[in-house]
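Residue numbers (the numbering used here), protein chains in the order written: chain D, 1 to 363; chain A, 364 to 523. We put the CB at the ideal spot given by N, CA and C, even for glycine. These notes concern the structure reproduced below.
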């Protein structure tokens, strides 16, 4: 800034500056002709000289510095630059505060983002954490009419449960729904959303976990059954999350479960076990997610949770329809109980698969 | 108008940095992000998730390309001649453009934190540059405010 502090008019040193504005830190570069009021500033060298007592001829005369020495009009001419100067300084102050204020607003917004995110539980990394109660309740409360309505969407390309092998599957005198999956598996991640919605119509989950599939395998936000409990008067739900989302052993399945799993995979044309495997009472079995897992990629946990139950959204209509068909399948083993739930899907029929679903290879 | 050295100096350096990073992200965008230098660490940092997400374009235009355009225009607005110019339209355009940059950055940060649960370090550097450009622009604009008589001209210009 200091490098530019010179008198543009190149007047001899000591000469009175043309305006009060030409003081330290400022210069007047090439400017268009100045309006009448500005010209008055230019002529104020007389009054300025009188005011400052500079080296003008008038200033050298005795008494030239006395108030009112330059008249008439000297005071009037001097008050205009002072007025302009004051207005200019006020304007500068206001602009400076505007600048500070605008920067503060932006910084506060960024800080608010960070604070809200930190209080929300931080990053989507890591293994798992308890799922928000609000999300679990929201999934449980999707209405049956919404779920059934989703199945009417002709554009959906779903994969459906097929006939199971291995005989009826029961536990504790109730039909059993067996799930074998893994937290790393993106296909399991996709199917769990529909499973939680469907199973919540027959019982109650507690301590469901929030997790995501492997970072290098979709990183799909989802729920995990690991550590959760499920109570239902109609069925027993057995879940095995075989591996973590970093592919480390988490829960083991029994040899009987493995036999059942392998038999159903082979029956549905697969050569080996893959995640997920869902056996619905030994009547129907699902060896894939019902919908395409790529739909959920790049969506956050809350984004997916908000979409489920909203048939206007692609994720919502796919998960809702998947849940409806799962409910239909489960009603087939619970003797159509509870009646309120099963009557809502009474007219629904589970189509035969026209293509093979995807699954993640089990290690 | 006062001449101040730092707004064009800082503004140009920041614009050049932003242009460079946006260029890199544009290259990665059109080459499938195969050489993107920002591995997923298992935490919130996951560049690939961000740069290949559905939030990586605005009305069909890749965000990286928009960044290139933003910093190219900003380089012009931050140039010494532009800062020396007393033209109100240029001063106004510079502020509005920097505001567009910081508002877009805030929108993208929101998407990253609350929709994707992932942060891209390259994108974050562009967001920080946009914020610094905004700060440089608003304080530079105050520091280079027209002199009192020029304000009268500006007022007349505005009034006209």
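Tell me residue 180 of chain D's beta-bridge partners as DSSP assigns them.
Within the first chain, residue 180 of chain D is the residue found at index 180, counting from 1. Residue 180 of chain D pairs with D/240 and D/277.
Exposure of residue 444 of chain A, with buried meaning 16 or more beta-carbon neighbours within 10 Å:
Looking up residue 444 of chain A in the second chain gives position 81. The residue is exposed, with fewer than 16 neighbouring Cβ atoms inside 10 Å.
Buried/exposed call for residue 395 of chain A, threshold 16 Cβ in 10 Å:
For the purposes of this step, residue 395 of chain A is taken as the residue at position 32 of the second chain. Looking at its Cβ environment, which holds fewer than 16 other Cβ atoms inside 10 Å, residue 395 of chain A is exposed.
So residue 225 of chain D is in the beta strand (DSSP E); what residue range does that whole segment cover?
For the purposes of this step, residue 225 of chain D is identified with residue 225 of the first chain, where counting begins at 1. Where residue 225 of chain D is concerned, there is no enclosing beta strand (DSSP E), given that its DSSP letter is neither H nor E.
Contact set for residue 314 of chain D: own chain, Cβ-Cβ below 7 Å, skip 5 residues either direction
To locate residue 314 of chain D, count along the first chain from 1; it is residue 314. Cβ within range, chain order: 295.
Starting from residue 455 of chain A, trace the alpha helix (DSSP H) in both directions and tell me its first and last residue.
The sequence position of residue 455 of chain A within the second chain is 92, counting from 1. That run of the alpha helix (DSSP H) goes 451 to 473.
Spatial neighbours of residue 497 of chain A within its chain, please: C-beta separation below 8 Å, excluding the five flanking residues on both sides.
Counting from one through the second chain, the residue named residue 497 of chain A turns up at place 134. Within the same chain, residue 497 of chain A has close Cβ partners 461, 462, 464 and 465.
Cβ neighbours of residue 366 of chain D in the same chain (closer than 6 Å, five flanking residues each side left out)
For residue 366 of chain D there is no data in the structure shown, the boundaries of chain D being 1 and 363.
Does the contact criterion of 3 or more C-beta pairs under 8 Å hold for the segment 465 to 479 of chain A versus the segment 102 to 112 of chain D?
yes
Who does residue 212 of chain D pair with in a DSSP beta bridge?
Residue mapping note: residue 212 of chain D aligns to position 212 of the first chain, counting from 1. According to DSSP, residue 212 of chain D bridges with D/221.
Mind reading off the beta-carbon distance from residue 243 of chain D to residue 250 of chain D? Whole number of angstroms is fine, and I expect it under 8 Å.
Sequence index remark: in the first chain, residue 243 of chain D carries index 243 (1-based). Sequence index remark: in the first chain, residue 250 of chain D carries index 250 (1-based). Sure, about 6 Å apart at Cβ, within 8 Å.
8 Å Cβ cut-off: residues of chain D touching residue 442 of chain A:
Along the second chain, read from residue 1 onward, the residue named residue 442 of chain A stands at position 79. Residues of chain D passing the Cβ test: none, with the nearest at roughly 16 Å.
Output the distance between the C-alpha atoms of residue 185 of chain D and residue 215 of chain D, rounded to the nearest integer angstrom.
Position 185 of the first chain holds residue 185 of chain D. Position 215 of the first chain holds residue 215 of chain D. Inter-residue distance for residue 185 of chain D and residue 215 of chain D is about 10 Å (C-alpha atoms, whole angstroms).
Please list, in chain order, all residues of the same chain as residue 168 of chain D whose beta carbon is under 6 Å from its beta carbon, the five residues on each side excluded.
Here residue 168 of chain D is taken as the residue at index 168 of the first chain, counted from 1. Once the five neighbours on either side are set aside, the close Cβ partners of residue 168 of chain D are 282.
Where does residue 276 of chain D land, buried or exposed, given buried means 16+ other C-beta within 10 angstroms?
Stepping through the first chain from its first residue, residue 276 of chain D is reached at position 276. Per the 10 Å Cβ criterion, buried.
So residue 300 of chain D contacts chain A; which residues on that side make the cut at Cβ distance below 7 Å?
Taking the first chain and counting its residues from 1, the one referred to as residue 300 of chain D is at position 300. Going along chain A in sequence order, the residues near residue 300 of chain D (Cβ under 7 Å) are 477, 478, 479 and 480.
Is residue 397 of chain A close to chain D, meaning its C-beta is less than 8 Å from at least one C-beta of that chain?
Stepping through the second chain from its first residue, residue 397 of chain A is reached at position 34. Answer no: the Cβ-Cβ gap between residue 397 of chain A and chain D never drops below 8 Å.
How far does the alpha helix (DSSP H) with residue 388 of chain A in it reach, from first residue to last?
Numbered from 1 along the second chain, position 25 holds the residue referred to as residue 388 of chain A. Counting along the chain, the alpha helix (DSSP H) containing residue 388 of chain A begins and ends at 369 to 393.
Within the chosen definition, does the segment 319 to 336 of chain D reach the segment 194 to 212 of chain D through at least 3 CB pairs nearer than 8 Å?
yes
Using a Cβ-Cβ cutoff of 9 Å, what residues of the segment 200 to 222 of chain D are near chain A? List them in chain order.
212, 215, 216, 219 and 221
Does the segment 158 to 167 of chain D come close enough to the segment 218 to 225 of chain D that 3 or more CB-CB pairs lie under 8 Å?
No contact exists between the segment 218 to 225 of chain D and the segment 158 to 167 of chain D.
Presumed contact (8 Å Cβ cut-off) between residue 478 of chain A and residue 311 of chain D, rounded CB distance
Start at 1 with the first residue of the second chain, and residue 478 of chain A comes out as number 115. Start at 1 with the first residue of the first chain, and residue 311 of chain D comes out as number 311. Contact flag wrong, Cβ pair sits at about 20 Å.
Output, in chain order, the set of chain A residues within a Cβ distance shorter than 7 Å of residue 102 of chain D.
Here residue 102 of chain D refers to the residue found at position 102 of the first chain. 501, listed in chain order.
Around the C-beta of residue 433 of chain A, are 16 or more other C-beta atoms found within 10 angstroms, so that it is buried, or is it exposed?
For this step, residue 433 of chain A is matched to residue 70 along the second chain. Buried.
Could you tell me whether the Cβ atoms of residue 253 of chain D and residue 203 of chain D are closer together than 8 Å?
Here residue 253 of chain D is taken as the residue at index 253 of the first chain, counted from 1. Here residue 203 of chain D is taken as the residue at index 203 of the first chain, counted from 1. Result no, Cβ atoms of residue 253 of chain D and residue 203 of chain D do not sit closer than 8 Å.
6 Å CB neighbourhood of residue 189 of chain D in its chain, flanking five on each side removed:
Here residue 189 of chain D refers to the residue found at position 189 when the first chain is read from its first residue. If you ignore the 5 residues before and after residue 189 of chain D, its C-beta comes within less than 6 Å of the C-beta of 213, 220 and 222, all in its own chain and listed in chain order.
Contacting residues, own chain, Cβ-Cβ under 7 Å from residue 136 of chain D (five flanking each side not counted):
Working through the first chain from its first residue, we reach residue 136 of chain D at position 136. Only 205 and 208 meet the Cβ criterion.
Among the residues of its own chain, which have a CB less than 6 Å from the CB of residue 367 of chain A, if the five just before and after it don't count?
In the second chain, residue 367 of chain A corresponds to position 4, counting from 1. Excluding sequence neighbours, residue 367 of chain A sits near 506 and 507.
Leaving aside the five residues before and after residue 387 of chain A along the sequence, list all residues of the same chain whose C-beta is less than 6 Å from its C-beta, in chain order.
By 1-based counting over the second chain, the position of residue 387 of chain A is 24. Once the five neighbours on either side are set aside, residue 387 of chain A has no close Cβ partner at all.
Would you call the segment 83 to 96 of chain D in contact with the segment 483 to 492 of chain A, where contact means no fewer than 3 C-beta pairs closer than 8 Å?
no
Given that residue 318 of chain D touches chain A, what residues does it touch there, using C-beta distances under 8 Å?
Along the first chain, read from residue 1 onward, the residue named residue 318 of chain D stands at position 318. Residues of chain A passing the Cβ test: none, with the nearest at roughly 16 Å.
Find the residues of chain D that neighbour residue 469 of chain A, judging by a C-beta separation of less than 9 Å, and give them in chain order.
To locate residue 469 of chain A, count along the second chain from 1; it is residue 106. Going along chain D in sequence order, the residues near residue 469 of chain A (Cβ under 9 Å) are 106, 109, 110 and 113.
Under 8 Å between beta-carbons, which chain D residues line up against residue 438 of chain A? List them in chain order, please.
Stepping through the second chain from its first residue, residue 438 of chain A is reached at position 75. By Cβ distance, chain D contributes nothing, its closest Cβ being about 21 Å from residue 438 of chain A, past 8 Å.
Using the three-state DSSP reduction, which class does residue 362 of chain D fall into: helix, strand or coil?
Along the first chain, one-based indexing puts residue 362 of chain D at 362. Note: residue 362 of chain D maps to coil in three-state DSSP.
Output needed for residue 499 of chain A: all residues of its chain with C-beta closer than 7 Å, excluding positions within five of it in sequence on either side, in chain order.
Your numbering for residue 499 of chain A matches position 136 in the second chain. Counting only Cβ-Cβ distances below 7 Å, and skipping sequence neighbours, we find 370, 373, 374 and 377.
Pair within 8 Å by beta-carbon distance, residue 473 of chain A and residue 113 of chain D
Along the second chain, one-based indexing puts residue 473 of chain A at 110. Along the first chain, one-based indexing puts residue 113 of chain D at 113. It is a contact, given that the beta carbons lie within the stated cut-off.
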